[in-house]
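Okay, so the sequence shown: first residue is 211 according to our numbering, each after it adds one. Shown next, in structure tokens, is the structure this report addresses.
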Amino acid sequence: MSWQTIAQNWLPAGRTRSIVTALALALLLAPIPAYAFTWLSPTWLLTIGLTGNPQPPFPIVTSTDTPTGGGLTVDMGQYDRPVTGSSVVTAKRDFTVGAGGETIDIGHQFETLARRTDIQVQVKIKPLAGGSTIKFPTFVASTNNTETIVGTDTAFSQFLAAGNYKMIVKVSYTKKSKGLWDNTPPPLGSPHRFTFNGV
């Protein structure tokens, strides 16, 4: 049944019916709002580098998408061999911001048990059309001979004009001889969890 038929059957003739009909037509013709922050790439493009003999475990990377953005989880595993070693994960994904621009909220949480290990986490947004790369504050931690729980719970916001961009996330662990890291629960450790939301 069309909205014209509904108006004729259920509304009194005259001014009331005309107003309701005009409002219904306006709603039908109004543009449907769309989320301005949309992923262009179907998945994250991963680059993983491992050094050491034996090498660290292969990081476990998972992601989820939501109507307003999504999440990325990077589990660096556990590495306690008495040798030097490193594990570096770089994740990249293209996205677009619609007309009018949008503010992007980025969150980062993790905990790692570490000794004689350097941890660095970077998040950047690169305009695909050129221009300055937006660099958020880099997380840096360096642990000594004492086992220490290293972690953060931070959030950043950035307004982006309409256009296409590349999200870049880099997680780097470097361990000295007789050091260790444990980023996997239980009992200690919590993987790197990144959230991305358009508001």
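Just so you know, even glycine gets a beta-carbon here, dropped at the ideal spot from N, CA and C.
{"Item": "I'd like to know whether the C-beta atoms of Val-379 and Thr-313 end up nearer to each other than 7 Å.", "Value": "no"}
{"Item": "Check this for me: beta carbons of Glu-321 and Ile-359, under 7 Å apart or not?", "Value": "yes"}
{"Item": "Got a sec, what are the start and stop residues for the beta strand (DSSP E) Met-377 sits in?", "Value": "373 to 392"}
{"Item": "Under a Cβ-count criterion, where at least 16 other Cβ atoms within 10 Å of its own Cβ denotes burial, should Leu-390 be classed as buried or exposed?", "Value": "buried"}
{"Item": "Tell me, please, which residues DSSP counts as bridged to Ser-400.", "Value": "Glu-321"}
{"Item": "Is the region 293 to 310 touching the region 343 to 355 in the sense that three or more CB pairs, one from each, lie closer than 8 Å?", "Value": "no"}
{"Item": "Note the first and the last residue of the continuous beta strand (DSSP E) segment covering Ala-339.", "Value": "Run containing Ala-339: none; DSSP gives neither H nor E here."}
{"Item": "Do Phe-247 and His-318 have their CB atoms nearer than 7 Å?", "Value": "no"}
{"Item": "Is Val-298 near Gly-341, with beta carbons less than 7 Å apart?", "Value": "no"}
{"Item": "Among the candidates Ser-367, Ala-339, Pro-264, Thr-362, whose CA atom is the shortest distance from the CA of Lys-345?", "Value": "Ser-367"}
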